[in-house]
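Colleague:
Number of protein chains: 2
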Amino acid sequence: MNNDSSVIQQPVRTKNGGLIKSAEKLVTSYPRVPITVDCVIFGFDENELKILLIRSDLEIFKGQWSLLGDFAADNEELDDAAYRVLCERTGMDDVYLEQVRTFSKPGRHPGGRVLTVAYCSLLNIEQHKLGKMDNELHWHSVQNIKEMAFDHKEIMDYCYNWLQKRIMEHPLGFNLLPEKFSLRELQNLYEAILNVKLDRRNFRKKFFSMDFLIDTGEYEDDVPHRPGRLYQFNFQKYELNKRRWTGIDF
Amino acid sequence: MNNDSSVIQQPVRTKNGGLIKSAEKLVTSYPRVPITVDCVIFGFDENELKILLIRSDLEIFKGQWSLLGDFAADNEELDDAAYRVLCERTGMDDVYLEQVRTFSKPGRHPGGRVLTVAYCSLLNIEQHKLGKMDNELHWHSVQNIKEMAFDHKEIMDYCYNWLQKRIMEHPLGFNLLPEKFSLRELQNLYEAILNVKLDRRNFRKKFFSMDFLIDTGEYEDDVPHRPGRLYQFNFQKYELNKRRWTGIDF
DNA sequence: CCAAAAGTGTTCCAGGTACACCCATGG
DNA sequence: CCATGGGTGTACCTGGAACACTTTTGG
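Read top to bottom, the protein sequences are chains A and B. Each residue of the first sequence is one higher than the one before, starting from 1236 at the first, in our numbering. Each residue of the second sequence is one higher than the one before, starting from 1236 at the first, in our numbering.
1. Given lysine 1415/A, which residues of its chain have a CB within under 8 Å of its CB, disregarding the five upstream and five downstream residues?
2. In chain order, what residues of the same chain lie with their CB nearer than 6 Å to the CB of phenylalanine 1296/B, ignoring the 5 residues before and after it?
3. Using DSSP bridges, identify the partner residues of lysine 1285/B.
4. Taking the straight line between their C-alpha atoms, what separation do you get for methionine 1368/B and arginine 1324/B?
5. Apart from the five residues on each side of it in sequence, which residues of its chain come closer than 8 Å, Cβ to Cβ, to glycine 1463/B?
6. Do asparagine 1359/A and isoleucine 1289/A count as a contact pair if the criterion is CB distance below 7 Å?
7. Quick one: what's got a C-beta closer than 6 Å to proline 1345/B's C-beta in the same chain, skipping five residues either side?
8. Does any CB atom of chain A fall closer than 7 Å to the CB of phenylalanine 1447/B?
9. Three Cβ pairs or more, each shorter than 8 Å: is that satisfied between the segment 1329 to 1338 of chain A and the segment 1346 to 1353 of chain A?
10. Taking 6 Å as the limit between beta carbons, can you name the residues of its chain near leucine 1372/B, skipping five residues before and five after?
11. Could you tell me whether the segment 1429 to 1444 of chain A touches the segment 1386 to 1394 of chain A, where touching means 3 or more Cβ pairs closer than 8 Å?
12. State the Cα-Cα distance for the pair aspartate 1386/B and histidine 1460/A, rounded to the nearest angstrom.
13. Run down chain A in chain order and give the residues with a C-beta less than 7 Å from the C-beta of arginine 1348/B.
14. For lysine 1285/A, count the other beta carbons within 10 Å of its own beta carbon; 16 or more makes it buried, fewer makes it exposed. Which is it?
15. Run the CB neighbour count on phenylalanine 1447/B, radius 10 Å, all protein chains shown included, and call it buried at 16 or more, exposed below.
16. What first and last residue would you give for the alpha helix (DSSP H) that runs through isoleucine 1361/B?
17. What in chain A is Cβ-close to glutamate 1382/B, meaning under 7 Å?
18. Within the 7 Å Cβ cut-off, does arginine 1461/A reach chain B?
19. Quick one: grab the DSSP three-state call for alanine 1353/B.
20. Which chain B residues are close to valine 1268/A, counting only those with a beta carbon under 8 Å from its beta carbon?
21. Expressed to the nearest angstrom, what Euclidean distance is found between the alpha-carbon atoms of proline 1413/A and phenylalanine 1279/A?
22. Anything in chain B within Cβ reach of arginine 1336/A, meaning under 7 Å, just list it in chain order.
23. Please confirm whether leucine 1293/B has its beta-carbon closer than 7 Å to some beta-carbon of chain A.
24. Name the DSSP bridge partner or partners of arginine 1336/A?
25. Taking one C-beta from the segment 1313 to 1332 of chain A and one from the segment 1266 to 1276 of chain A each time, how about it: are there three or more such pairs within less than 8 Å?
26. Under a Cβ-count criterion, where at least 16 other Cβ atoms within 10 Å of its own Cβ denotes burial, should aspartate 1292/B be classed as buried or exposed?
27. Any beta carbon of chain B sitting closer than 7 Å to that of tryptophan 1317/A?
28. Please report the distance separating the alpha-carbon of glutamine 1244/A from that of serine 1264/A.
29. At least one CB of chain A closer than 7 Å to the CB of proline 1413/B: is that the case?
30. For aspartate 1486/B, count neighbouring C-beta atoms within 10 Å of its own C-beta (all shown protein chains included) and say buried if the count is 16 or more, exposed if not.
31. On the DSSP letters alone, give me the boundaries of the beta strand (DSSP E) that aspartate 1315/B sits inside.
32. Do leucine 1303/A and alanine 1317/A come within 7 Å of each other at the CB atom, strictly closer than that value?
33. Does the beta carbon of serine 1339/A come closer than 7 Å to any beta carbon on chain B?
34. Starting from threonine 1271/B, follow its DSSP beta bridges and name the residues at the other end.
35. Please identify the residue among Leu1313/B, Leu1287/B, Leu1429/B, Leu1407/B whose C-alpha is closest to the C-alpha of serine 1301/B.
36. For leucine 1313/B, which residues in chain A fall below 8 Å Cβ to Cβ?
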């Protein structure tokens, strides 16, 4: 960023009292690297945490699963690139998406050096038809994935771990649920993500005490037992009060 | 990463049953971007949180302060690049360093598109002589910095915020202190980073109950009042027990 | 003997954890 | 009427917050 004295190419140093005049020339002198974004897209279905994958179409990774990604186009902000990948593949345009980390190990891509910036996304599987179904695009249970192309397993693990922490501090989980959900579904979600069992009564108390759930007055349908109430997440109230929010503690 | 159908250049698609044979050709087809690393280097001195800066040597940012950074060399892992910057400037080689976030806004560098990966570093000011003193390299009080070159203020703010959260979950702060320190110094550090006042008795209780402090049996010297005991941080014990560590809660 | 900070203990309260019974629905 | 999960309340305990006095040192 700031040019350090290791920038020694002559043309760049058109100095004026020690200052570099041409930022363009300076930048031109930098080595350039291919950049991709990779999206770790989580969904929740059948009480399992899922992730959206395709088959790699590199021969060297034949048969292996790969995250959804693409290179960053010229002058494209990385957030936009990730969002673009997401939209192309899921048809969604109101998706939770956040940058998580950049992976730069030299050997991570068989075609040479490629940096990738990992993004984590959460979406509601039911509300979204998948887009282009090339390469067997579909949802996989996170727990069952053993091997992936590139360093994508490492990236997925990192993002999963990130999600586990993050969901304790922010109510992200609602992005994975339908607009209206029962407390049981909410609890199943937390249990699936955190991979723990939680006490039902304490769980209810905790979420009610946060006071971010709107009772819709509606009930579950088609369940072979007493139907539960359906709630909505009060995004608005959360936004107003999030300064005082310090997270969840199970 | 995984090649998406937006990769349409013909030469790349030397396919074999739909699979891409040459990863090299694929990568060659990607746009390339200059990458830099920028280090937000924190220190602690005179009960203030400090950050190490230089004057930008771009004329357009004349007089403004800049983070320490450099471009990533060919095939250099970013962690290594950040570490290199750190070593060159501080002469240290056992420094806490962690990747924080990648910044990619298109207009962030006046010389054209440059991605930067921000790293956060913590070091003990006293133990380290500064290296090359070019560009008025020196320590600034974090609270006093109003304006910086590039988007470095934003990066610094982000890293400072990151540090505030991080220090609640991991005992990073010890990297900023001398090997032996009094509890008063430790508390001053936390107060400076978190920008709060803490109750001295509760602070002591909390840290003692964590049981990661070694009582050296030594005392402060040259203080105009009752000298405090000096402690060391038990890095070893922390490493062993960190699984059970869930953080600090003030 | 005075100033300044070290060192120490107790009470209170909030919130987490553990736990058991009745209720509503479908079959 | 039975199985299944929904819905509720209480007792206990841990841990954070608030708070005041005595001790040690240098000047």
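By construction, the Cβ of each residue, glycine as well, lies at the ideal position given by its N, Cα and C atoms.
Modeller: So, from the data block:
1. Here residue 1415/A refers to the residue found at position 180 when the first sequence is read from its first residue. Excluding positions up to five away in sequence, the list reads Thr1451, Glu1453, Leu1465, Tyr1466, Gln1467.
2. Along the second sequence, read from residue 1 onward, the residue named residue 1296/B stands at position 61. Contacts found: Ala1384.
3. Taking the first residue of the second sequence as position 1, residue 1285/B is located at position 50. Lysine 1285/B is bridged to Gly1278/B, Ser1376/B.
4. Position 133 of the second sequence, counted from the start, is the residue given in the question as residue 1368/B. Position 89 of the second sequence, counted from the start, is the residue given in the question as residue 1324/B. Using only the alpha carbons, I get a separation of about 8 Å.
5. The residue you call residue 1463/B lines up with position 228 of the second sequence. Correct list, in chain order: Ser1417, Leu1418, Arg1419, Tyr1454, Glu1455.
6. Reading the first sequence from its first residue, position 54 is the one you call residue 1289/A. Reading the first sequence from its first residue, position 124 is the one you call residue 1359/A. For isoleucine 1289/A and asparagine 1359/A, no; Cβs fall outside 7 Å.
7. Mapped onto the second sequence, residue 1345/B falls at position 110. Hits under 6 Å: Ile1295.
8. Along the second sequence, read from residue 1 onward, the residue named residue 1447/B stands at position 212. Closer than 7 Å: no.
9. yes
10. What you label residue 1372/B is simply residue 137 of the second sequence in a count that begins at 1. Only Ile1289, Leu1365 meet the Cβ criterion.
11. no
12. Counting from one through the second sequence, the residue named residue 1386/B turns up at place 151. Counting from one through the first sequence, the residue named residue 1460/A turns up at place 225. Cα-Cα distance, rounded: 57 Å.
13. Within the second sequence, numbered from 1, the residue matching residue 1348/B stands at position 113. Residues of chain A passing the Cβ test: Asn1310.
14. Along the first sequence, read from residue 1 onward, the residue named residue 1285/A stands at position 50. Its Cβ being crowded by 16 or more others within 10 Å, lysine 1285/A is buried.
15. Position 212 of the second sequence, counted from the start, is the residue given in the question as residue 1447/B. Classification of phenylalanine 1447/B: buried, given that the 10 Å Cβ count is 16 or more.
16. Stepping through the second sequence from its first residue, residue 1361/B is reached at position 126. Inspection of the sequence shows that residue 1361/B is occupied by glutamate rather than by isoleucine. Per DSSP, glutamate 1361/B belongs to no alpha helix (DSSP H) and is neither H nor E.
17. Along the second sequence, read from residue 1 onward, the residue named residue 1382/B stands at position 147. Ordered by position in chain A, no residue passes the 7 Å Cβ test against glutamate 1382/B, which lies about 15 Å from the chain.
18. Counting from one through the first sequence, the residue named residue 1461/A turns up at place 226. No, its Cβ sits nowhere closer than 7 Å to a Cβ of chain B.
19. Numbered from 1 along the second sequence, position 118 holds the residue referred to as residue 1353/B. Strand.
20. In the first sequence, residue 1268/A corresponds to position 33, counting from 1. Neighbours of valine 1268/A on chain B, chain order: Arg1267, Val1268, Pro1269, Ile1270, Ala1307.
21. One-based indexing of the first sequence puts residue 1413/A at position 178. One-based indexing of the first sequence puts residue 1279/A at position 44. Looking at the two C-alpha atoms, the distance is approximately 10 Å.
22. To locate residue 1336/A, count along the first sequence from 1; it is residue 101. Gln1334, listed in chain order.
23. On the second sequence, position 58 is the one that residue 1293/B refers to. Answer yes: the Cβ-Cβ gap between leucine 1293/B and chain A drops below 7 Å somewhere.
24. As a first step, residue 1336/A is located in the first sequence; it is residue number 101 there, counting from the start. The partner list for arginine 1336/A (beta bridge, DSSP) reads Ala1353/A.
25. yes
26. Position 57 of the second sequence, counting from 1, holds the residue named residue 1292/B. Its Cβ being crowded by 16 or more others within 10 Å, aspartate 1292/B is buried.
27. Here residue 1317/A refers to the residue found at position 82 when the first sequence is read from its first residue. In the sequence as displayed, the identity of residue 1317/A is alanine instead of tryptophan. Cβ-Cβ to chain B under 7 Å: no for alanine 1317/A.
28. Here residue 1244/A corresponds to residue number 9 of the first sequence, with the count starting at 1. Here residue 1264/A corresponds to residue number 29 of the first sequence, with the count starting at 1. Per-residue confidence for glutamine 1244/A stands at a pLDDT of 43, beneath the threshold of 50, marking its modelled position as unreliable; the derived number appears in the next sentence. Rounded to whole angstroms, glutamine 1244/A to serine 1264/A spans 7 Å at the Cα level.
29. In the second sequence, counting from the first residue as 1, residue 1413/B sits at position 178. Judged by the 7 Å Cβ criterion, proline 1413/B is not in contact with chain A.
30. Summary: the structure shown does not reach residue 1486/B, with chain B confined to residues 1236 through 1485, and so no result is reported for it.
31. Here residue 1315/B corresponds to residue number 80 of the second sequence, with the count starting at 1. Segment 1313 to 1325 is the alpha helix (DSSP H) holding aspartate 1315/B; no beta strand (DSSP E) there.
32. Residue mapping note: residue 1317/A aligns to position 82 of the first sequence, counting from 1. Residue mapping note: residue 1303/A aligns to position 68 of the first sequence, counting from 1. No, these two residues do not count as a Cβ contact at 7 Å.
33. Residue 1339/A sits at position 104 when you count from the first residue of the first sequence. True, the Cβ-Cβ gap to chain B drops below 7 Å.
34. Stepping through the second sequence from its first residue, residue 1271/B is reached at position 36. Note: threonine 1271/B sits in a beta bridge opposite Phe1306/B, Thr1351/B.
35. Sequence index remark: in the second sequence, residue 1301/B carries index 66 (1-based). Among Leu1313/B, Leu1287/B, Leu1429/B, Leu1407/B, the Cα nearest to that of serine 1301/B belongs to Leu1287/B.
36. Position 78 of the second sequence, counted from the start, is the residue given in the question as residue 1313/B. Per Cβ cutoff of 8 Å: Thr1337, Ser1339, Leu1350.
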